[in-house]
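Each remark here refers to the structure printed beneath this line.
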Amino acid sequence: MFQVTEAQREKMKAVIGFIGCSGSGKTAGALLTAYGMMREAYADMPEENVWKKIGVIDTEHNRSKLHVGLVYGETKVGRFLHLDFPPPYTTERYNAAVGVMKQAGVEVIIIDSLSHNWQGEGGIVETHGGMSGNSFQNWGKLASETTKLIKTLTQNDVHILATLRTKTEYVVESDSNGKMAPRKVGTKPVQKDELEYEFMLNFVIDIDHVATTSKDNTQMFEGHPQKITADVGRKLYQWLELGI
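Note that full-length UniProt numbering has the sequence shown beginning at 1, numbered continuously upward.
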């Protein structure tokens with residue numbers, strides 16, 4: 001039955017998208033945000049233990065490991081927990097990978113990348129292509145896959161940060177020397193159109209590593225283009241912890 005209650009601000013778990021083309025810095029941005037969140041949560045914890053609170057589900061051929069030891073601003077990336085995720089990229093396996101990370105004690109899970117669930121080996125687009133019968137009706141049959149994924153992202157007791165690739169295009173514009181030169185830009189995220197609306201915060205990162213927002217329920221980052229640092233994670237964690 002329905003019940004009417006008085007609205008109160010409650011503590012929340014993060015569901016954040018990092019959207020950009022190849023080379024924009026999605027993974028680095030997610031790692032820095034995750035670190036800032038856990039550093040804020042565990043102010044007195046040794047550095048190496050803070051990184052153990054962060055786990056990466058890696059569909060990108062282990063490339064997230066390349067960030068270990070790199071320094072971004074004032075933050076050196078430590079040895080986070082890592083899960084290699086080869087194909088097939090089914091929704092069921094994504095959900096299972098999140099479960100494994102939770103069992104390992106991870107509090108911030110980075111899914112790098114969520115796009116493979118849509119357009120990867122064993123993903124939704126490939127599955128649809130292998131189905132016989134009416135194409136439109138087959139999309140309806142696959143709707144439950146997206147529903148299951150959304151449930152994993154939004155109904156969880158851990159923070160979820162997900163990277164999403166964008167389709168890449170090139171535009172010709174004036175460079176710093178006044179000469180016309182091609183520049184890589186990202187356009188539409190590679191995922192089901194409606195999925196990005198499920199995130200509370202979407203960072204759109206350009207090839208110069210500057211992040212803007214396409215959605216910001218926190219109202220802290222909208223209209224303030226910036227390079228993502230650990231301070232973003234600290235501010236975000238403080239906002240998430242407001243309320244009962």
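Glycine included, each C-beta is placed from N, C-alpha and C at the ideal position.
Candidates the options, of which the one nearest residue i by Cα
i	options	result
I54	E107, F2, E10	E107
H224	D216, T212, G243	T212
W139	K76, L153, I124	I124
V158	E145, S132, A104, G130	A104
T59	Y42, L32, T90, T218	T90
L195	V15, M1, Q3, F2	V15
R79	L32, K11, F221	L32
L142	E10, I244, T127, K151	T127
I205	M220, D216, Q226	Q226
E92	S214, K151, Q8, I160	K151
V98	Q238, I160, E48	I160
Contact belief for residue i with residue j at Cβ below 8 Å, rounded distance in angstroms
i	j	result
F203	G29	6 Å
S64	H209	Contact doesn't hold; Cβ gap of about 17 Å is too wide.
E198	L236	The Cβ separation is near 17 Å, so there is no contact.
K13	E241	No, K13 and E241 are not in contact; Cβ-Cβ is about 11 Å, not under 8 Å.
Q8	I244	6 Å
Where residue i falls, given that 16 or more other Cβ within 10 Å makes a residue buried
i	result
L149	buried
S115	buried
T5	exposed
residue 253	Because residue 253 is not part of the residues shown, which for the chain are 1 to 244, the question remains open.
V101	Per the sequence presented here, residue 101 reads as Met, with Val not at that position. Under this definition M101 is a buried residue.
K26	buried
A41	buried
Backbone secondary structure at residue i - three-state DSSP
i	result
V108	strand
Q3	coil
G17	strand
Y72	strand
A43	coil
L32	helix
H116	helix
S135	helix
N49	helix
G99	helix
H61	coil
G122	coil
S24	coil
L66	helix
H224	coil
G186	Legend: pLDDT at G186 = 47, less than 50; position of this residue unreliable, no value from coordinates given.
R165	strand
L142	coil
Interface flag, residue i vs chain D, CB-CB below 8 Å
i	result
Y237	No chain D is present in this structure, which holds just one protein chain.
Requested in this report: Would you check if there are 3 or more beta carbon pairs closer than 8 Å linking the region 120-127 to the region 94-110?
Outcome: Three or more Cβ pairs closer than 8 Å define a contact, and the region 120-127 falls short of that threshold against the region 94-110.
Query raised in the report: Does the pairing of the region 156-169 with the region 6-24 give three or more beta-carbon distances under 8 Å?
Result: Contact between the region 156-169 and the region 6-24 is established, with three or more Cβ pairs separated by less than 8 Å.
Query raised in the report: If you pair each beta-carbon of the region 30-39 with each one of the region 216-233, do three or more pairs fall below 8 Å?
Result: Contact annotation: the region 30-39 touches the region 216-233, with at least three C-beta pairs closer than 8 Å.
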